[in-house]
Structure formats: structure tokens, C-alpha cells
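Positions 371 to 519 (the numbering used here) are the ones given, in order, by the sequence shown.
Data block below; observations after.
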Amino acid sequence: MKKVEITAKGTNYAATNIGLLNELSQHVFTLAPGIDIPGRVFIGNDLGNTGSEVSFVTTPAGLGGDFLHTHKTNEEVYIVLSGNGQFQVDGEFFDISEGSVVRVSQNGKRAYKNTGNTDLVMICIQTKADSLKDLGITDGVILEEPVKW
Ligand code: ZN
């Protein structure tokens, strides 16, 4: 089983490397004792995230779509990095492919499956619904101090 590597860490940051995307299936997420999910890696805890959870998920060709789920308080954004699939939310279906980005509210009954011939690779970001006050760059603060490399 592959491990998440912390590559840098300081007072105000952490960096990690999950490895190559085509080796994601070597990660195994243990949902419960005896229930292991290959190809899923959560990195929020490793990074020390306080406002979001980030996971990578790879679904082999022909798999996925086994169950619907909702969330208690978090909305999710799925970012498709490669592959082709079908997504469903509340019984409505749509195709996804590289470049697709899907937001699902916490109450949306969701599932996805790989409909292509290659791995469906996605990033999933969970954030607490209705927690974001500023979108875009309005939360950023440009500093006066010069950048040193
Ligand atoms: Zn979810």
C-alpha cells in the first residue's frame, strides 16, 4: 500500500506528494475494518487542512456506481483529470470527462461510474456548505514585501 509523502512543512503550510496519477490504485483507503477501497487517497489530514478535505480517486474502466451517497454538512467538487464517466445527482444523469468539474450540494444523492476504457481519475474537494464568504481572488491580500527566491 502506497503512503502519502509529506514533502515540506512549516508553521503556515504543508506540502505532500501522492505519487504518479497512474499509480493511484496503489493507495488503499480503509472505510471500515475489512472494507478497503483501492485507488482512493485522502490528504486533508496529512496536510492539516482546517476548511476542506481533498482526495484523489481513480476508478478502473467499467467500475464505480455501486452506491449513492449524500453528506451531512459538506458540499463536494469533483474535478475530472482524465477518463470518461457518467455522473448522477438526484436521478439526473450527465457525462463527465477530462476537464469536467461537478459541484454537488450536501443533500444531492450522487454516484459516478467509469464508462470509458481507461481509468477515471478525479480530485474531490469537500468544504462545509455555505462557509465560503469570498469567491475568486477577493480573499487574497497582495503584500508590499518583495519576493525572494
Ligand atoms: Zn462524498
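Glycine included, each C-beta is placed from N, C-alpha and C at the ideal position.
Just to confirm my understanding: we take Arg410, look at its own chain, exclude 5 residues before and 5 after, and list those with CB closer than 7 angstroms. What are they? Taken in chain order, the residues that qualify are His397, Phe399, Ser425 and Val427.
Need the endpoints of the alpha helix (DSSP H) that Gly414 sits in, please. Unbroken alpha helix (DSSP H) run through Gly414: Gly414 to Leu417.
How far does the beta strand (DSSP E) with Phe437 in it reach, from first residue to last? Element bounds for Phe437: n/a, residue is neither H nor E.
What three-state label does DSSP hand Gln476 in the structure shown? DSSP places Gln476 in coil when its eight states are reduced to three.
At a cut-off of 7 angstroms, is Glu446 close to ligand 1 when judged by its beta-carbon and the heavy atoms of the ligand? Taking 7 angstroms as the cut-off, one finds at least one heavy atom of ligand 1 near enough to the beta carbon of Glu446.
Looking at C-alpha atoms only, which residue of Asn392, Ala378 and Ile466 is the closest neighbour of Thr355? Residue 355 lies beyond the range of the chain shown here (371 to 519); nothing can be said about it.
On the CB-based measure, 16 or more other CB atoms within 10 Å of its CB, does Arg480 come out buried or exposed? It is buried - the Cβ of Arg480 has at least 16 other Cβ atoms within 10 Å.
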